[in-house]
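Residue numbers (our numbering): 6 to 269. By construction, the Cβ of each residue, glycine as well, lies at the ideal position given by its N, Cα and C atoms. Please read these numbers as outputs of a predicted model, since none were measured by experiment. Here's the structure we're looking at; comments come further down.
So, in structure tokens, the structure goes:
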């Protein structure tokens, strides 16, 4: 359920939360305290472009408790659309900040997703880094769709562990579909789809250098790291986003100019 207290910037039709990291942490802690049920989409250019041809994914972003701006292009767009205080709320950073809070306050974690063994490696690394962290379960689902019986068992297993935060590492849009479909079945107050954060924080994949992240070039680092897997994705989404964002800003400029002319 979308948190009406958090401002949103509509970027190419996708309602992206125009927030700071402090806003995101406060929202999650509030949901845990109230035992509300929400899911969080960590939204980058990939999610925005996929939503253009996927009404289901667009609607999932609309209903999310938060759709955080995962990359700098979305931060820049939100600021140009009038949300000047927007900060990047990057999936791995959000996971680290919430993990530190969880170790301090006793929030219980569940890691769902990733290749076999990845969630367990993630648990080992984060538990060593944050003493006292309660990781109450891990599960790596099969790459094929789960049967109804398997899905029921997954839900039972997660609910039996009584987590406060379920971290979902299935990649976009699979993780968004899963969270939306399970919102009324998973009893944890928060599900957060963080995709590649499992790999980054488990140390199985390298993150882009800070200067590339700040410059909006993380896509280039990932493309150079995995060209055979990612060239089709980025060959599509980068030019499509640049065109769509430019057209949106041009329309906004035209509307504002017309309104200014009308008022004089």
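Within this structure, are the beta carbons of residue 174 and residue 202 separated by less than 8 Å? Counting from one through the chain shown, the residue named residue 174 turns up at place 169. Counting from one through the chain shown, the residue named residue 202 turns up at place 197. Judged by their CB atoms, residue 174 and residue 202 are nearer to each other than the 8 Å cut-off.
Let's see if you can read the secondary structure: which residues bound the beta strand (DSSP E) around residue 16? Here the question's residue 16 lines up with position 11 in the chain shown. Note, residue 16: beta strand (DSSP E), 13–16.
Residues bridged to residue 256 (per DSSP): For the purposes of this step, residue 256 is identified with residue 251 of the chain shown, where counting begins at 1. Note: residue 256 sits in no beta bridge, so no partner.
Residue 28 classed as buried or exposed, judged by whether at least 16 other C-beta atoms fall within 10 angstroms: One-based indexing of the chain shown puts residue 28 at position 23. Around the C-beta of residue 28, 16 or more other C-beta atoms lie within 10 Å, and the residue is accordingly described as buried.
Output the distance between the C-alpha atoms of residue 199 and residue 268, rounded to the nearest integer angstrom. Residue numbering aside, residue 199 sits at position 194 when the chain shown is read from its first letter. Residue numbering aside, residue 268 sits at position 263 when the chain shown is read from its first letter. Straight-line Cα distance between these residues: approximately 46 Å.
Let me confirm a value: residue 272 is counted as buried when at least 16 other C-beta atoms fall within 10 Å, else exposed. Which label applies? Residue 272 is absent from the structure shown; the chain starts at 6 and stops at 269.
Near residue 118, what residues of its chain come up, given a Cβ to Cβ distance below 6 Å and the 5 sequence neighbours on each side ignored? What you label residue 118 is simply residue 113 of the chain shown in a count that begins at 1. Correct list, in chain order: 173, 174 and 175.
Which word fits residue 52, buried or exposed, when buried means at least 16 other C-beta atoms lie within 10 angstroms of its C-beta? Position 47 of the chain shown, counted from the first residue, corresponds to residue 52. Counting the other Cβ atoms within 10 Å of the Cβ of residue 52 gives 16 or more, which makes it buried.
Is it a yes or a no for the stretch 106–123 touching the stretch 47–64, going by three-plus beta-carbon pairs under 8 Å? Flag = no, the stretch 106–123 and the stretch 47–64 do not touch.
Nearest-angstrom Cα separation, counted from residue 58 out to residue 272: Not covered by the structure: residue 272. The range shown for the chain is 6 to 269.
Let me check understanding here. Comparing Cα to Cα, which of 171, 40 and 94 lies closest to residue 25? By one-based count along the chain shown, residue 25 stands at place 20. Among 171, 40 and 94, the Cα nearest to that of residue 25 belongs to 94.
Continuous alpha helix (DSSP H) stretch holding residue 42: start and end: Here residue 42 is taken as the residue at index 37 of the chain shown, counted from 1. For residue 42, no alpha helix (DSSP H) run applies, since DSSP gives it neither H nor E.
Kindly provide the ranges of any beta strand (DSSP E) runs that are 3 or more residues long and lie completely inside the stretch 213–269, ordered along the chain. The stretch 213–269 contains no whole beta strand (DSSP E) run of 3 or more residues.
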